[in-house]
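Accompanying notes for the structure given below.
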Amino acid sequence: MWFFYPDEENSGTTWRVFSNAEWNITPALLLNAGLMYENTGRIDDFLSSRIGLNYRVNDKHSLRAGLSRSWRAPSFYENYSSSDISGSQFLSVTRVR
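Numbered per the numbering used here, the sequence shown finishes at 300, counting up by one with no gaps.
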């Protein structure tokens, strides 16, 4: 059984660009935000984002809340496998909300 089509040559390159910023709104409150742009060369480009707040209650305790949006591209195996068991070249991006 072939896991990849023997007549085809497949390769892939992925690159990412990250950015992160912090802002001390008050001495006790910190806003943190970030972005990641990703290109796999196999599917559309995607931009993932996140934002978070850290509240410092005292010297030993803090509270944190965060929200993010991201994605997972199909793996190289999922994209190019000839196996019917664990992948297909027609898989779409997985989204969790």
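By construction, the Cβ of each residue, glycine as well, lies at the ideal position given by its N, Cα and C atoms.
Return the Cβ separation of residue i and residue j in integer angstroms, given the expectation that the two are a contact with Cβ distance under 8 Å.
i    : j    : result
A319 : R267 : Not covered by the structure: residue 319. The range shown for the chain is 204 to 300.
Using a threshold of 8 Å, state whether the C-beta atoms of residue i and residue j are closer than that.
i    : j    : result
A236 : R219 : no
N257 : L238 : no
S183 : S273 : Outside the shown range of the chain, which is 204 to 300, sits residue 183, and nothing can be said about it.
A276 : I246 : yes
For residue i, name the three-state secondary structure that DSSP assigns.
i    : result
E281 : helix
T216 : coil
A268 : strand
G255 : strand
T229 : strand
G244 : coil
Report the residue from the options whose alpha carbon sits nearest the alpha carbon of residue i.
i    : options                : result
G255 : S214, N227, G244       : N227
S278 : H264, G244, L270       : G244
T216 : A224, E241, T229, R275 : E241
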